[in-house]
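Let me begin by presenting the structure, written as structure tokens, before commenting on it.
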Amino acid sequence: MDPQPTAAPTGSRCPMHDASFAADPQALYDQLRAHAPAGPVELAPGVDATLVVGHEMALRVLQNTELFARDARRWKALNEGHIGMDNPVLPMMAYRPNCLFTDGAVHLRLRKAVTDSLAQLNITRVRRDVEPIADYLLDQFSERGRADLLNDYAKLLPLLLFNKLFGCPANIGDTLTTAMSAIFDGKDALRANEDLTACLMELIALKRRQPGEDITSWLIQHPAGLTDEELKDQLVMLMGAGVEPERNLIGNALVLLLSGAGGRQSGMLIEEALDHVLWNQTPIANYATHYPVQDVDLGGHVVEANTPVVISFAGANSDPALAEARRIRSRGAHLAWGAGPHACPAKDPAQVIAITAIERLLNALPDLTLAVPQEELQWRPGPFHRALVTLPATFSPTPATRMAAALQHRAASAGAEQPLPVAQAAPARRESGRRKGFWSSFLDVFRV
């Protein structure tokens, strides 16, 4: 008889918040898997959890809504005051009344409003929305001959795109971009959350008065009749679930495409690079926190009721049981998009955004190359993401004329006789006491 798996000692929780985990997360997944398909970890100082690294076990948790709840108000340690309100994981784990943290009928109502609204997105339109944003960002650094492709491009593109998809005017979009960047980077999260809440409530009030062809308006108009608070929290969820994974998907794919091993020299397609990333450098590596409603045995590791159970999408994807599926890269097997009733509802737009962004970059800068060896790239510490700190690259400098060309084409299509150059197309309006942000600067150049 095969020996039964034994759990790792309770006192030996593996930290997921230090530089060693960021450098080699697979070592932790393998260490846990040697004992059981799930094991004890520390997400942040003082925040204990169970991490599920087995593929089959991950599916069991994700699909069993009777035994595993998503409502973070069950979190025992938080309710008992053992976790400070300034803990860095709270923005990702604390309860919000949105699709991620609700169950049953409440979840069904909110998710239907979200999925129905996302279904109104036209994929062709999404691609068209990405292109001018990509061109605008490229013009910011193309003359330098060097760039940080993560912070100059992959990070900003989805932030600006979501301003467009949400229908944000200039001032709201600037605040939204700044606040979300601060939350993702862990900079003054409390103030950033306050700014985010205020600007989204302002946006909702605006769209109730003046609806448009955008996600915010579609959510407002949905028969579910969401309140302003519910609308705000669905928008926060959509922004958070879209921006951080998207920038990591773009950044991690660019590393592969620009590296010597299996990169552009080998003729790898962008779609192949994205699929490789979803399997092996999963953009959101660990998340989907559940709370068992009773004590439960996860294949040899016993989990107490109402304690966090985090799904390791990356760990599940590297499960040896999936060796054959991973070899042929079976798209239906990896868990990068989640599974069960909380699976990502926007994987098709997400892939189109990434493909378009990468195509635009590689076509504009054909000799783009990494500025440092791939092994010298640093990964950002944190328990949830697989994200680079920077992605330095070099290329032959090119003129910043992409937006000008787009404006020329747009004006010509509209029948204009003498389209204005970019510098004159929409003069920047200086507002007293306020520095212009990326979104208002973009709108000044290209009215969309």
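Residue numbers (the numbering used here): 16 to 463. Built from N, CA and C at the ideal position, the CB exists for glycine as well. Quick caveat, the model's predicted, so the values are computed rather than measured.
Checklist entry - Does the stretch 366-373 come within contact of the stretch 117-126, defined as at least 3 CB pairs closer than 8 Å? => result no
Next on the checklist: Could you compute how far the alpha carbon of Arg-111 sits from the alpha carbon of Ser-196?
Outcome noted: As a working mapping, residue 111 is identified with position 96 in the sequence shown. As a working mapping, residue 196 is identified with position 181 in the sequence shown. For Arg-111 and Ser-196, the distance between alpha carbons rounds to 19 Å.
Checklist entry - First and last residue of the alpha helix (DSSP H) that includes Ser-35? => result Residue mapping note: residue 35 aligns to position 20 of the sequence shown, counting from 1. Looking at the DSSP string, the run of the alpha helix (DSSP H) that includes Ser-35 is 34-38.
Item to check | Any 3 or more C-beta pairs closer than 8 Å across the stretch 283-298 and the stretch 217-230 | outcome: With a cut-off of 8 Å, the stretch 217-230 and the stretch 283-298 do not count as touching, because too few Cβ pairs lie within range.
Next on the checklist: With a threshold of 8 Å on Cβ separation, who are the neighbours of Gly-314 within its own chain once the five nearest residues in sequence on each side are excluded?
Outcome noted: Here residue 314 is taken as the residue at index 299 of the sequence shown, counted from 1. Here the set comprises Pro-20, Ala-51, Pro-52, Ala-53, Gly-69 and Met-72.
Next on the checklist: What does the alpha-carbon distance come out to for the pair Leu-380 and Gly-282?
Outcome noted: On the sequence shown, residue 380 is found 365 positions in, with the first residue counted as 1. On the sequence shown, residue 282 is found 267 positions in, with the first residue counted as 1. In a straight line, the C-alpha of Leu-380 is about 16 Å away from that of Gly-282.
Item to check | CB of Arg-89 within 8 Å of CB of Tyr-302, strictly | outcome: As a working note, residue 89 is residue 74 in the sequence shown. As a working note, residue 302 is residue 287 in the sequence shown. In this structure, Tyr-302 does not lie closer than 8 Å to Arg-89 by Cβ.
Item to check | Cutoff 8 Å; reference Ser-27; Cβ partners in own chain excluding five residues on either side | outcome: As a working note, residue 27 is residue 12 in the sequence shown. These residues qualify, in order along the chain: Pro-55.
Item to check | Buried/exposed call for Lys-179, threshold 16 Cβ in 10 Å | outcome: Here the question's residue 179 lines up with position 164 in the sequence shown. Classification for Lys-179: buried.
Next on the checklist: If the criterion is Cβ atoms closer than 8 Å, does the pair Leu-392 and Leu-403 meet it?
Outcome noted: The residue you call residue 392 lines up with position 377 of the sequence shown. The residue you call residue 403 lines up with position 388 of the sequence shown. It is a contact, given that the beta carbons lie within the stated cut-off.
Item to check | In DSSP terms, what Ala-408 is bridged to | outcome: Along the sequence shown, read from residue 1 onward, the residue named residue 408 stands at position 393. Ala-408 pairs with Ala-162 and Leu-385.
Next on the checklist: According to DSSP, simplified to helix, strand and coil, what is Ile-299?
Outcome noted: Numbered from its first residue, the sequence shown carries residue 299 at position 284. DSSP places Ile-299 in strand when its eight states are reduced to three.
Checklist entry - In terms of DSSP beta bridges, what is Ile-326 paired with? => result In the sequence shown, residue 326 corresponds to position 311, counting from 1. DSSP output for Ile-326 lists Val-67 and Tyr-302 as bridge partner(s).
Next on the checklist: So for Cys-214, helix, strand or coil by DSSP?
Outcome noted: Residue numbering aside, residue 214 sits at position 199 when the sequence shown is read from its first letter. Helix at Cys-214.
Next on the checklist: Measuring CB atoms only, is the stretch 147-158 touching the stretch 240-248, in the sense that at least three cross pairs come out at less than 8 Å?
Outcome noted: As far as the Cβ criterion goes, the stretch 147-158 does not touch the stretch 240-248, which means the pair count is below three.
Checklist entry - Taking DSSP as the reference, what is the three-state secondary structure of Leu-380? => result Here residue 380 refers to the residue found at position 365 of the sequence shown. Of the three classes helix, strand and coil, the one that applies to Leu-380 here is coil, per DSSP.
Next on the checklist: Quick check: what's the CA-CA separation for Ala-38 versus His-32?
Outcome noted: Along the sequence shown, read from residue 1 onward, the residue named residue 38 stands at position 23. Along the sequence shown, read from residue 1 onward, the residue named residue 32 stands at position 17. Each residue's Cα considered, the two are about 11 Å apart.
Checklist entry - So what does DSSP say about His-400, is it helix, strand or coil? => result The residue you call residue 400 lines up with position 385 of the sequence shown. Taken through DSSP and simplified to helix, strand or coil, His-400 comes out as strand.
Item to check | Which listed residue (Leu-350, Cys-183, Val-311 and Glu-259) has its alpha carbon closest to that of Asn-295 | outcome: Here residue 295 refers to the residue found at position 280 of the sequence shown. Answer by Cα proximity: Leu-350.
Checklist entry - Grouping DSSP H, G and I as helix and E and B as strand, with all else coil, what is Cys-359? => result For the purposes of this step, residue 359 is taken as the residue at position 344 of the sequence shown. Coil at Cys-359, not helix or strand.
Checklist entry - Taking Cβ to Cβ, would you say Leu-164 is nearer than 8 Å to Gly-266? => result The count along the sequence shown starts at 1 and reaches residue 164 at position 149. The count along the sequence shown starts at 1 and reaches residue 266 at position 251. Result yes, Cβ atoms of Leu-164 and Gly-266 sit closer than 8 Å.
Item to check | Glu-57, enclosing alpha helix (DSSP H) - first and last residue | outcome: As a working note, residue 57 is residue 42 in the sequence shown. Counting along the chain, Glu-57 falls outside any alpha helix (DSSP H), though it belongs to the beta strand (DSSP E) covering 53-59.
Next on the checklist: What would DSSP say about Trp-90, mapped onto helix, strand or coil?
Outcome noted: Here residue 90 is taken as the residue at index 75 of the sequence shown, counted from 1. Reduced to three states, the DSSP call for Trp-90 is coil.
Item to check | Beta-bridge pairing of Asp-144 - partner residues as DSSP gives them | outcome: For the purposes of this step, residue 144 is identified with residue 129 of the sequence shown, where counting begins at 1. Answer is none; Asp-144 lacks a bridge partner.
Next on the checklist: Given this structure, state the Cα-to-Cα distance separating Phe-36 from Ala-415, to the nearest angstrom.
Outcome noted: For the purposes of this step, residue 36 is taken as residue 21 along the sequence shown, with counting starting at 1. For the purposes of this step, residue 415 is taken as residue 400 along the sequence shown, with counting starting at 1. Answer to the nearest angstrom: the Cα atoms are 40 Å apart.
Item to check | For Cys-114, three-class secondary structure by DSSP | outcome: The count along the sequence shown starts at 1 and reaches residue 114 at position 99. Cys-114 falls in the helix class under three-state DSSP.
Next on the checklist: Across the stretch 350-361 and the stretch 74-82, are there enough close Cβ pairs to call them in contact, namely three or more that are closer than 8 Å?
Outcome noted: yes
Checklist entry - Can you tell me the Cα-Cα spacing of Ala-340 and Asp-334, whole angstroms? => result Sequence index remark: in the sequence shown, residue 340 carries index 325 (1-based). Sequence index remark: in the sequence shown, residue 334 carries index 319 (1-based). When rounded, the distance between both Cα atoms is 10 Å.
Checklist entry - Between which two residues does the alpha helix (DSSP H) containing Asp-312 stretch? => result For the purposes of this step, residue 312 is taken as the residue at position 297 of the sequence shown. From DSSP, Asp-312 is part of no alpha helix (DSSP H) but of the beta strand (DSSP E) over 311-313.
Next on the checklist: Could you compute how far the alpha carbon of Val-251 sits from the alpha carbon of Glu-81?
Outcome noted: Taking the sequence shown and counting its residues from 1, the one referred to as residue 251 is at position 236. Taking the sequence shown and counting its residues from 1, the one referred to as residue 81 is at position 66. Approximately 27 Å between the Cα atoms of the pair.
Next on the checklist: Quick check on Arg-262: buried or exposed, where buried means 16 or more other Cβ atoms within 10 Å of its Cβ?
Outcome noted: As a first step, residue 262 is located in the sequence shown; it is residue number 247 there, counting from the start. Classification of Arg-262: buried, given that the 10 Å Cβ count is 16 or more.
Checklist entry - Around the C-beta of Leu-205, are 16 or more other C-beta atoms found within 10 angstroms, so that it is buried, or is it exposed? => result Stepping through the sequence shown from its first residue, residue 205 is reached at position 190. By the neighbour-count rule (16 or more Cβ atoms within 10 Å), Leu-205 is not buried but exposed.
Item to check | Closest Cα partner of Gln-220 within the set Ala-207, Lys-247 and His-237 | outcome: Your numbering for residue 220 matches position 205 in the sequence shown. Inspection of the sequence shows that residue 220 is occupied by Ala rather than by Gln. The residue with the shortest Cα to Cα distance from Ala-220 is Lys-247.
Checklist entry - With distances taken from CA atoms, which of Leu-269, Gly-330, Tyr-151 and Ile-98 is nearest Met-418? => result Position 403 of the sequence shown holds residue 418. Of the listed residues, the one whose Cα sits closest to Met-418 is Tyr-151.
Checklist entry - I think Gly-182 touches Lys-222, with their Cβ atoms under 8 Å apart; what is that distance to the nearest whole Å? => result For the purposes of this step, residue 182 is taken as residue 167 along the sequence shown, with counting starting at 1. For the purposes of this step, residue 222 is taken as residue 207 along the sequence shown, with counting starting at 1. At roughly 6 Å, the Cβ-Cβ gap stays under 8 Å, so Gly-182 and Lys-222 are in contact.
Next on the checklist: Which residue marks the beginning of the beta strand (DSSP E) containing His-122, and which one marks its end?
Outcome noted: In the sequence shown, counting from the first residue as 1, residue 122 sits at position 107. Careful: His-122 lies outside any beta strand (DSSP E), inside the alpha helix (DSSP H) at 119-133.
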